[in-house]
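Mapping to the numbering used here: the sequence shown position 429 is 888, numbers consecutive. Glycine included, each C-beta is placed from N, C-alpha and C at the ideal position.
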Amino acid sequence: MSTIKTPPKKRSKAAAPTPEQDAIIIQGARMHNLKNITVAIPRNKLVVVTGVSGSGKSSLTMDTLFAEGQRRYAESLSAYARQFLMRMDKPDVDFIKGICPAIAIEQKVTTRTPRSTVGSMTELQDYLRLLFARVGKTYSPISGKEVKKDDVTDVVDFIKTLPEGTKVQILVPFRTLSGRSIAEELNVLLQKGFSRVYAVEKKQGAVLRIEDLIEDETQIPGAKAQVYLLIDRIVAKADFDEDDIHRIADSVQTAFYESDGACLLETDGNKIHTFNNRFEADGMSFEEPTPNLFSFNNPYGACPVCEGFGQVLGIDEDLVIPDKRLSVYEDAVVPWKGEKMSEWKAAFIRAEGPKGFPIHKPVLELSKEQESVLQRWIDDFFKMVEENLYKIQYRVMQARYRGRTKCPTCRGTRLRPDALYVKVNSADIAALTDLPVSDLNAWFESIKLSAQQSAIAQRILVEINQRLKTLLDVGLGYLTLNRLANSLSGGESQRIQLTKFLGSNLTDSLYILDEPSIGLHPRDTARLIHVLKNLRDLNNTVVVVEHDEMMMQEADYIIDMGPLASHLGGEVIAAGTYKEILKAPASLTGQYLSGALQVTSGQSGIPAKRKAINYITIEGARQHNLKDITVSFPLNMLCVVTGVSGSGKTTLVKQTLYPALQKHLGETTDRPGTHKALSGDLKMIQQVEMVDQNPIGKSSRSNPVTYIKAYDEIRNLFAKQRIAKMRGFQPKHFSFNVDGGRCDTCKGEGEVVVEMQFLADVHLVCESCKGKRFKDEVLEVTYREKNIHDVLEMSVDEAIAFFDDEKALAQRLQPLSDVGLGYVKLGQSSNTLSGGEAQRVKLASFLGRGNTKEKILFIFDEPTTGLHFHDINKLLRSFHALIEQGHSIIVIEHNTDVIRNADWLIDIGPEGGAGGGQLLYSGQPDGLKKVKESYTAEYL
């Protein structure tokens, strides 16, 4: 079904705006490191803001432009509405002209709740619920037949179809209630206004008057007779008048009421037609479909056992059979080991072997029928364990194999079982949310509905198709709607939010996106650009903070911030089209785009590729979409794993190789992904480190300078100053984490939190220390005229220059600058760092350790996140510094500059989801160009 597109608005020629009017003008912006800059952002264009990390891109876009757009929107609300919003401070700017309503889409994973899914984030789950409630048909799980409910109109319509002159009796079964006798029941019916019953005995029917039966109880039909209450008698006509229709409808309604849902029509004294307005079939009652029936976030629709989470605490099959490469004969079922419990294994082999169960076949190769046979025995085994829980050894055994496992009631669908009796086009809602988006889109393209269903579902299908198409366009066709939101990467989360906003079809708005191409292969970046252009064509202004070369080539306008980071940045170096930026002599970005500068891992060009001597190998990896692949990773070199989004890179490296190595080294870890073996030169690795984008500390007290152990040097330095010695200050007095020198009012936080009973907590600057965190007497201690607060406010690069006489301290700080974090403040709270920044702080801490005897394998996931070409140079030099120390590096990456500079390249693909999971290439980067199936080869 085609999506609805809002046509671009036509401007009147008479009212054509001047260039200045047709732009958002920011004048005198001074937020953070911005140096009183003035910039014009053209409206209704795709604008890229770029520059080295820390040059002021986010200060300009998020902290100035978006903050002012939000503030103005809040100011436009009523005083009543404003009291529920946090007070929004005006950004430090002279003025902003021509701004429109602003929407910011950031990288952060927006939710950590296990209830939020891709379906709920994109609103697709809501539209699916609506679709199933409106056009879904309920089918009995016993007979498989559709469950229907008759209403008054159905009965009236049936009577209208009868031949003229047909005698019709409207009946309901006679029954006695509340222990009454037949005579008492007849008396009650007489008082209600009924006058006749109809009795059938030996196929002969007779109408009896209730009054006569009450006067003479001997006339009451015997137990063998079928007795009905006669509601009404009519004769069918070719054309009923309005009064007739009203009378019949009233009689049918009465019949449904008196019998709790049944209405019988006897025609011509011999045939009975049954109608029922209860939603029942095969002796079962069914719930009528409503949107809440299909919601696992609503108590009405959620599975009653797992309460909508899909998992319960039970016997974990992966703990029972941890190694599916083994057969039953080889003790695949771990609880069936040992002298006593091995009796179960022996009994299984004796009973099932002769029936054809392959006892020597690996468990992972068993058919579904064979798996269910084995599972039955395992279930029986644990029932026996449960019956013997009064014995300590059985309690220990049960505890050993308990874990989070799929809910046995809903089988992980999270919904109450009867929600799955409702189907659209033969599929239930759980089957649809289990499909990858690409398959779900194909299902909706081939959906077959009746004319009535199509009329009801038309608007719902437009919304569903539009959102599915956008998910495909932004390269997320491999995700399923039931994928948990907290398992998504920052880039995936951002692109899902983009899908939601695009679905709303807003116009004349300002969209600000923070690096939406994160985690995208160049092939998928092209699709994303197409989506952003569609957003622009709806008369929106799209501002993208981005470093991707392809995005810049396609942009209408580029603003280059710089020239460098922190106090050396904050200026607009160049602004214009892509071609104009190429010619701008002061623009670092322009020099990299034009080829005047190149991303190389050495100062003077690309170094010779190292030759691989040692390898570690994952054999037969088949977790998720991996197709039983064997992959060798070379050691003591830069190995890059690439492939389109969803091809299986993360599954191979993070979910299989990393935990398998941890397990080999004796560390506690998550269960490795399914694979046959880990082999190779494992003695060459003494430690494995996953350097991911998780925060380095969730507390506001954690910061980069404490993480790399440089704060100790700073505190020692201040404690050595003459005034500190006179006052008896020790290094602890210069810490905001312990009592002594920190402010007693805010406990070193710099702010006081006021808890509001019904509103969000309010954060106010501490009045005692004015946000400086320390007592006045501590702040009077200075080193080269700077106190401890001044030093924590410095950027890393400023601090390195400031402490040039203190070699040990400068050396501690240098790794942060080497990985491109020279712009970060020493005291900046860790929870304000982006994922990419947190990852590079971890890298800096390893660089700062110097040579260690242990050889470490480092695994990096998308380390170029948030990095300009200039910073990627620094990052590559840092990688090679680690390799020179004898370590090994594996990088999951899409950035073509990193791929070109790899010593070894592993390409997974060719597609995402089910179409991926194959090893396309393994070797030096140059050889990839010969692989026709590889999308990576196209972009190298």
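- Taking 9 angstroms as the cut-off, the Cβ atoms of L1316 and V1099 do not count as close.
- When C-alpha distances from E746 are compared across Y598, A1269, S1347, H1123, the shortest belongs to Y598.
- Taking the C-beta atoms as reference points, V1283 is found nearer than 9 angstroms to G513.
- Considered as a whole, the region 1289-1345 harbours 1294-1306, 1328-1343 as its complete alpha helix (DSSP H) runs of no fewer than 4 residues, in chain order.
- It is roughly 59 angstroms from the alpha-carbon of R873 to the alpha-carbon of T677.
- Per DSSP, the unbroken beta strand (DSSP E) holding M1020 starts and ends at 1016-1021.
- For C722, DSSP records a beta bridge to F734.
- Of the candidates D1356, K928, R870, D1356 places its Cα closest to the Cα of L1056.
- For the options Q628, S1227, K661, L1387, the alpha carbon positioned closest to that of G1207 is the one of S1227.
- Spanning the alpha carbons of T984 and I1331 requires a straight line of approximately 19 angstroms.
- A straight line joining the alpha-carbon of T520 with that of I971 spans about 7 angstroms.
- Burial state of L938 is buried, judged by a 10 Å Cβ sphere holding 16 or more other Cβ atoms.
- Contact annotation: the region 485-497 touches the region 546-564, with at least three C-beta pairs closer than 8 angstroms.
- Contact check for P1190 and R1174: beta-carbon distance about 4 angstroms, within the 8 angstroms limit, so the pair qualifies.
- By a beta-carbon distance limit of 8 angstroms, S968 contacts I562. Their separation comes to about 6 angstroms.
- Within the same chain, S599, I601, S602 come within 7 angstroms of D741 by CB-CB distance, once the 5 residues on both sides are set aside.
- Closest option to V1090, judged by alpha-carbon separation, among L1379, E1392, S897: L1379.
- Under the three-state reduction of DSSP output, L772 falls in the strand class.
- With a cut-off of 8 angstroms on Cβ pairs, the region 699-710 is not in contact with the region 636-650, counting fewer than three such pairs.
- If you compare the alpha carbons of G1028, T620, G1049, A1045 with that of K1038, the shortest gap goes to G1049.
- Pairwise C-beta distances place the region 750-766 out of contact with the region 728-741, as fewer than three of them are shorter than 8 angstroms.
- Contact annotation: L961 and Q925 have beta-carbon atoms nearer than 9 angstroms.
- Ranked by Cα distance from L1141, the first of R1160, P1131, R1130, N1095 is N1095.
- DSSP places D932 in the uninterrupted alpha helix (DSSP H) bounded by 910-932.
- Comparing alpha carbon positions, the residue from I1351, F1328, K596, T581 closest to L1023 is F1328.
- In this structure Y716 is exposed. Its beta-carbon is surrounded by fewer than 16 other beta-carbon atoms within 10 angstroms.
- Comparing alpha carbon positions, the residue from V606, V881, G978, I483 closest to L524 is I483.
- In the structure shown, Q852 falls within a helical segment according to DSSP collapsed to helix, strand and coil.
- Take I1040, set aside five residues on each side of it, and the residues of its chain with a beta-carbon closer than 7 angstroms to its own are I1017, D1019, A1033, S1046, T1048, G1049, L1052, in chain order.
- Judged by DSSP secondary structure, F554 falls within the beta strand (DSSP E) whose first and last residues are 554-556.
- Leaving aside the five residues that flank Q1180 on each side, the residues in its chain whose CB is nearer than 8 angstroms to its CB run, in chain order, V1240, T1241, Y1242.
- In terms of Cα proximity to T1324, the closest of V1350, K1314, E1343, G1307 is V1350.
- In this structure, F816 lies away from V793, with their beta-carbon atoms at least 9 angstroms apart.
- DSSP places W1363 inside the beta strand (DSSP E), whose first and last residues are 1363-1368.
- If you ignore the 5 residues before and after A1340, its C-beta comes within less than 7 angstroms of the C-beta of L1306, all in its own chain and listed in chain order.
- Counting only the Cα atoms, G1132 lies some 15 angstroms from S1138.
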